[in-house]
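One structure is given here, and the rest of the page talks about it.
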Amino acid sequence: MEKTSEAFFQDKIDREIRIEPKDWMPEKYRQTLIRQISQHAHSEIIGMLPEGNWITRAPSLRRKAILLAKVQDEAGHGLYLYSAAETLGISRDEMYEQLHSGRAKYSSIFNYPTLSWADIGVIGWLVDGAAIMNQVPLCRSSFGPYARAMVRVCKEESFHQRQGFEILLTLSRGTEAQRSMAQDAINRWWWPSIMMFGPKDDESPNSVQSMKWKIKRFSNDELRQKFIDVTAEQVKVLGFTLPDPNLKWNKARGHYDYGAINWDEFWQVIQGNGPCNKERLEARKKAWEEGEWVRAAASAYTTKKNKRNTTVAA
Ligand code: FAQ
234 MEKTSEAFFQ
244 DKIDREIRIE
254 PKDWMPEKYR
264 QTLIRQISQH
274 AHSEIIGMLP
284 EGNWITRAPS
294 LRRKAILLAK
304 VQDEAGHGLY
314 LYSAAETLGI
324 SRDEMYEQLH
334 SGRAKYSSIF
344 NYPTLSWADI
354 GVIGWLVDGA
364 AIMNQVPLCR
374 SSFGPYARAM
384 VRVCKEESFH
394 QRQGFEILLT
404 LSRGTEAQRS
414 MAQDAINRWW
424 WPSIMMFGPK
434 DDESPNSVQS
444 MKWKIKRFSN
454 DELRQKFIDV
464 TAEQVKVLGF
474 TLPDPNLKWN
484 KARGHYDYGA
494 INWDEFWQVI
504 QGNGPCNKER
514 LEARKKAWEE
524 GEWVRAAASA
534 YTTKKNKRNT
544 TVAA
């Protein structure tokens, strides 16, 4: 019997051959990637807002320079990811429109406020830490442009994670007030950070197909468990605690057990009802509208330059 295009495609995936933009792919594979990569890109761009809030208030010039560089890196990640999504046939303008109209999702985590300087340490340690746990396997994702973009993103994210840990280590050796500020930030960010991995496996509609297509290499719960196991050890070095009385090493499972996640909160946040959803979208829309003249000037300049080059060539 002759093999269908779909069977050839799955066979390539099974043999670990990367799919490139010009290769045949099922429409659903293309749509799944557009959804995931654009959501990822939007997360990087919206993710600049909570930290951007602290650039002018960072406690020293050194801390300001580091934070500025980190936020700039996130912008770069957003741009590589938009480029990767464009190879699938969607335009950047369409992706922005989906974000601004509220049709596209972005990571739940960026809908929480950054209330103190310690939050910047915790975002680096927990949020970038969770992002790395999720993104390292994406370096082996079946779609070439996504997998290649992830290699650089992950290198930069691991620097971000260490800078966050170092902020917390410094606070842990500081005054009582600094220690309690850091513990408060950990208490507020812990649960939202473990929600970043997405719904539990039996409530994750996309996981089975995405794993068959090797877009995802591990399930949401597997990655969440790995992150909890690593973080439960790291927090001991800092001398702080994670706000979960049920967090206990389970020798038989070889993993930490953990308490119940508030899934109602997670679904509320991704449906637009988190503490900062409205503020975040408003900030992006405002930046888009106020940047209109820059886009117009850049495109007028390109037209002029191309015209001049054509005249010279003629
Ligand atoms: N937030 O069936 P699943 C970062 C949605 S980057 C919002 O499990 P899937 C760097 C999901 O889209 C952080 N929505 O979905 C940084 C789906 O919606 P739909 C972003 C979520 O795709 C650090 C529905 O729920 N990273 O932090 C979330 O198989 C510091 C059902 O879920 C990525 O995007 C959520 N947490 O698995 C930047 C990584 N979870 O459209 C600045 C790439 C799920 O079907 C500062 N993405 N949803 O209605 C992925 O790995 C996957 O897309 C998952 C979700 C694992 C997020």
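When the letters of the sequence shown are read in order and numbered with our numbering, they come out as residues 234 to 547. Every residue, glycine too, gets a C-beta built ideally from N, C-alpha and C.
Might you give, ordered along the chain, the residues of its own chain that have their beta carbon closer than 7 Å to the beta carbon of residue i, omitting 5 neighbours on each side?
i: Met-428; result: Ser-341, Ile-494, Phe-499
i: Pro-259; result: Glu-239, Phe-242
i: Pro-292; result: Trp-350
i: Ile-400; result: Ile-353, Gly-354, Gly-357
i: Leu-402; result: Leu-471
i: Glu-319; result: Arg-325
i: Lys-484; result: none
i: Tyr-315; result: Ala-274, Arg-325, Met-328
Could you check what DSSP says for residue i in three-state terms: helix, strand or coil?
i: Lys-481; result: strand
i: Asp-490; result: strand
i: Ile-250; result: coil
i: Phe-376; result: strand
i: Ile-288; result: coil
i: Val-369; result: coil
i: Thr-536; result: helix
i: Arg-336; result: coil
i: Ile-342; result: helix
i: Lys-255; result: coil
i: Arg-325; result: helix
i: Pro-438; result: coil
i: Gly-362; result: helix
i: Lys-433; result: coil
i: Pro-476; result: coil
i: Arg-406; result: coil
i: Gly-507; result: coil
i: Thr-347; result: coil
i: Thr-237; result: coil
Using the beta-carbon count (16 or more within 10 Å), is residue i buried or exposed?
i: Ser-440; result: buried
i: Asn-453; result: buried
i: Arg-457; result: buried
i: Arg-528; result: exposed
i: Gln-264; result: exposed
i: Tyr-534; result: exposed
i: Pro-378; result: buried
i: Gly-322; result: exposed
i: Ala-274; result: buried
i: Ile-250; result: exposed
i: Ala-530; result: exposed
i: Asp-434; result: exposed
i: Trp-257; result: exposed
i: Asp-477; result: buried
Return yes when the C-beta of residue i is under 8 Å from any heavy atom of the ligand GDP, and no when it is not.
i: Ala-363; result: The ligand GDP is absent from the structure shown, which contains only the ligand FAQ.
Which first and last residues belong to the alpha helix (DSSP H) in which residue i is found?
i: Ile-427; result: 409 to 428
i: Asp-462; result: 453 to 471
i: Thr-265; result: 260 to 279
i: Arg-450; result: Premise fails: Arg-450 is in no alpha helix (DSSP H) and is neither H nor E.
i: Glu-521; result: Looking at the sequence provided, one finds Trp at residue 521 rather than Glu. Here the alpha helix (DSSP H) through Trp-521 covers 510 to 523.
i: Asp-306; result: 294 to 319
i: Glu-498; result: 496 to 501
i: Val-355; result: 350 to 355
Just checking my contact of residue i with residue j at CB under 8 Å: how many whole Å lie between their CB atoms?
i: Asn-344; j: Gly-507; result: 3 Å
i: Glu-390; j: Ala-364; result: 6 Å
i: Met-366; j: Phe-460; result: 5 Å
i: Ile-448; j: Leu-266; result: 6 Å
Residues in the same chain with beta-carbon distance under 6 Å from residue i, minus the five sequence neighbours each way, listed in chain order, please.
i: Val-304; result: Met-281, Glu-284, Gly-285
i: His-310; result: Glu-277, Val-386
i: Leu-359; result: Trp-422, Ser-426
Looking only at its own chain, which residues have a Cβ that is under 8 Å from the Cβ of residue i, when we skip the five neighbours before and after it?
i: Val-626; result: Only positions 234 to 547 of the chain appear in this structure, which leaves residue 626 out of reach.
i: His-393; result: Lys-303, Asp-306, Gly-357, Asp-361
i: Glu-436; result: Trp-496
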